[in-house]
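If you want my numbering, it's the position in the sequence shown, counting the first as 1, plus 6.
In what follows, a structure is listed as structure tokens, so that the remarks can point back to it.
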Amino acid sequence: IKAVDVSVDGGKTWKEAKLVEPVFSKCLTRFVMPWEWDGKETLIMSRAMDETGYVQPTLRQLRKERGTNSIYHKNSIQTWKIQANGEVHNVQIENL
7 IKAVDVSVDG
17 GKTWKEAKLV
27 EPVFSKCLTR
37 FVMPWEWDGK
47 ETLIMSRAMD
57 ETGYVQPTLR
67 QLRKERGTNS
77 IYHKNSIQTW
87 KIQANGEVHN
97 VQIENL
């Protein structure tokens, strides 16, 4: 992993996160980005970039490349919905 971007507005804007050492090729990589939740419902997303320049795709981009029946190695951007009551759910955003 070369870089990770994080969005706290459902993918409208992105900010670069800080990678946590150690960072190795083709490995899970921890990252951090300071953020203060305002108590409103929000969608948090992260996308990774590797050393070749490949950017983790949205679900729409992945389906365009592989079709809708591709269930193996589904590495599209994951979205987490934080509800106003503080509950957190993993959700799929198909229109991005």
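Cβ coordinates follow ideal geometry from the N, Cα and C atoms, glycine included.
Under the three-state DSSP convention, the category residue i falls into
i: Glu71; result: helix
i: Leu25; result: strand
i: Leu65; result: helix
i: Phe37; result: strand
Nearest-angstrom beta carbon gap, residue j and residue i [assumed within contact, 8 Å]
i: Glu100; j: Arg53; result: So it is not a contact: roughly 16 Å between Cβ atoms.
i: Val12; j: Lys21; result: 6 Å
i: Val94; j: Thr48; result: Their Cβ separation, rounded to whole angstroms, is 10 Å, which puts Val94 and Thr48 out of contact at 8 Å.
For residue i: DSSP bridge partner residues
i: Val94; result: Ile88
i: Ile50; result: Trp86
i: Asp11; result: Glu22 and Arg53
Close beta carbons around residue i, own chain, < 6 Å, minus the five adjacent residues each side
i: Met39; result: Val12 and Ala23
Contacting residues, own chain, Cβ-Cβ under 7 Å from residue i (five flanking each side not counted)
i: Thr19; result: Ser13
Sequence-distant residues of its chain with Cβ nearer than 8 Å to residue i (five each side left out)
i: Glu71; result: Pro63
i: Gln84; result: Met51, Ser52 and Asn96
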